[in-house]
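**Student:** Residue numbers (the working numbering): -2 to 69. For each residue, glycine too, the CB sits at the ideal point set by N, CA and C.
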Amino acid sequence: MGLFEHCEIMLAEGLIDERTFREIYRYRLLNLVNNDWVRVEKLCKLRSGWQRLIALLRRMEVEFDCPPTDAN
């Protein structure tokens, strides 16, 4: 996941070709968000620590939902 954050920086700087990156790695991002533990524990609960990864997910049009929080 940390490596993907570096990729987001390189994409933003134009150092990596976005089309090729999408073709080669988008499915791996889909696998990440389809893993319940990664999605909930990292991307939802620790959202502020993964802002670049979340930016990459948006760039690659990979959506994920967070479960509702318990207000009690």
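Alpha carbon to alpha carbon, what distance is there between LEU8 and GLU15?
**Tutor:** 6 Å
**Student:** Does the distance from the C-beta atom of VAL35 to that of LEU29 stay below 7 Å?
**Tutor:** yes
**Student:** In the segment -2 to 49, which residue ranges form an unbroken alpha helix (DSSP H) of at least 4 residues, counting only runs that do not cross its ends?
**Tutor:** -1 to 9 and 15 to 31
**Student:** How long is the line joining the alpha carbons of GLU20 and PRO65, rounded to whole angstroms?
**Tutor:** Cα to Cα, the separation comes out at about 32 Å.
**Student:** Taking the alpha carbon of CYS63 as the reference point, which residue from LEU53, LEU43, ARG56 and MET57 has its own alpha carbon closest?
**Tutor:** LEU43
**Student:** If you draw a straight line from the C-alpha of GLU10 to the C-alpha of ASP33, how long is it?
**Tutor:** 31 Å
**Student:** Would you check if the distance between the CB atom of PHE1 and the CB atom of LEU40 is smaller than 7 Å?
**Tutor:** Contact flag unset, no.
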